[in-house]
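Numbering (this note's numbering), first residue to last: 552 to 887. For every residue, glycine included, the Cβ atom is placed at its ideal position computed from N, Cα and C. Remember, it's a predicted structure, so these values are computed and weren't measured experimentally. Just below is one structure, and these are the notes that go with it.
What follows is the structure, encoded as structure tokens:
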């Protein structure tokens with residue numbers, strides 16, 4: 552894949568460095584390892600993480616790094632090679648909290664770096680950064696215009712526990728955010744009224760296409776055409792095929808005698824995803840390891856405007872994380 556960096560008047564192409572992307576303004580993409588550059592991981596290994604890691608025999612998810620396991624300085628080192636957008640609670644160590652230091656680390660001085668586009672809180676994949684306000688505004692206008700024209704600009708890859716009934720189609724659902732037991736959760740709304748819409752209910756839409764199936768799971772391409780928190784996880788749960796590693800909305804899917812059905816949202820609290828014994832065996836995981844399974848939802852491709860008005864759109868790609876690729880291999884799923 553190539554990385555295109557926005558500059559005044561056009562785009563600059565960055566080559567791929569050994570184990571990570573060369574330094575440049577505007578965009579950072581994940582390296583082939585697992586969303587974090589090899590160079591940055593080596594730096595962490597030399598300097599030592601702030602907190603002890605799991606024992607070597609209990610690391611079923613290769614390449615998965617958690618910001619909470621290293622210091623502020625170490626996180627900036629990692630972000631120099633790759634960036635994961637994570638908006639946490641006040642006081643937490645997150646991407647947004649270290650953007651000023653990241654700017655200085657990239658040699659931008661006092662220029663402010665802002666997140667233009669990123670995957671969700673728990674998803675992996677591309678993060679689009681810009682230090683140029685004009686470029687950021689242009690990109691936001693492009694994304695807004697594309698949504699209004701029902702043209703997808705983001706393509707996600709997901710592994711689902713379950714196989715959609717149809718090989719491709721669209722998912723439409725009215726969703727709202729509801730504060731339940733101290734947590735903001737996405738709740739579907741049946742036949743929303745005009746009052747519901749005025750009070751924050753949003754009609755959402757996603758396209759999906761099944762790429763491969765195996766072992767009762769599917770590799771699915773997802774293209775959201777609206778913006779709503781956890782939209783894709785909620786949509787796949789409504790299809791009775793929750794995303795692997797979804798420890799929030801998968802609990803809404805029940806099974807009796809092999810038949811799946813939706814449980815009432817009001818009486819279903821988020822809990823760790825429960826996988827059947829056959830799937831655990833294929834993934835070579837214990838039940839306790841599966842409880843820490845990362846969300847298998849990856850922002851794989853972003854469509855950006857060309858450098859000039861008449862230029863065709865540009866596609867920016869991010870390789871799959873290594874734990875994601877490992878899951879595909881275990882399940883016999885092949886990305887085409």
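Residue 738 is a Cβ neighbour of residue 727, given a cutoff of 8 angstroms. For residue 659, the three-state secondary structure derived from DSSP is coil.
When 800, 661, 697 are compared, the shortest CA-CA separation from residue 864 is found for 697. If you ignore the 5 residues before and after residue 831, its C-beta comes within less than 8 angstroms of the C-beta of 837, 838, 841, all in its own chain and listed in chain order.
Excluding its 5 nearest sequence neighbours in each direction, residue 774 has C-beta neighbours in its own chain below 7 angstroms: 703, 705, 706, 757, 758, listed in chain order. The Cβ atoms of residue 824 and residue 798 lie closer than 8 angstroms to each other. By the neighbour-count criterion, in which a residue is buried when 16 or more other Cβ atoms sit within 10 angstroms of its Cβ, residue 713 is buried.
Only residues of its own chain outside the window of five on either side were considered, and among them 833, 834 have a CB closer than 6 angstroms to the CB of residue 881, listed in chain order. Looking only at 673, 786, 657, 809, the smallest Cα-Cα distance to residue 843 is reached by 673. In the three-state reduction of the DSSP assignment, residue 842 falls in the coil class, being assigned neither a helical nor a strand state.
According to the DSSP secondary-structure assignment, residue 764 is paired through a beta bridge with 769. By the Cβ-count criterion, residue 686 is buried, with 16 or more other Cβ atoms from all chains shown falling within 10 Å of its own Cβ. Residue range 684–699 is occupied by the alpha helix (DSSP H) that includes residue 698. With contacts defined as CB atoms closer than 8 angstroms, residue 853 and residue 701 fail to qualify as a contacting pair. Between residue 709 and residue 847 a beta carbon distance of about 6 angstroms is seen, short of the 8 angstroms cut, so the two are scored as contacting.
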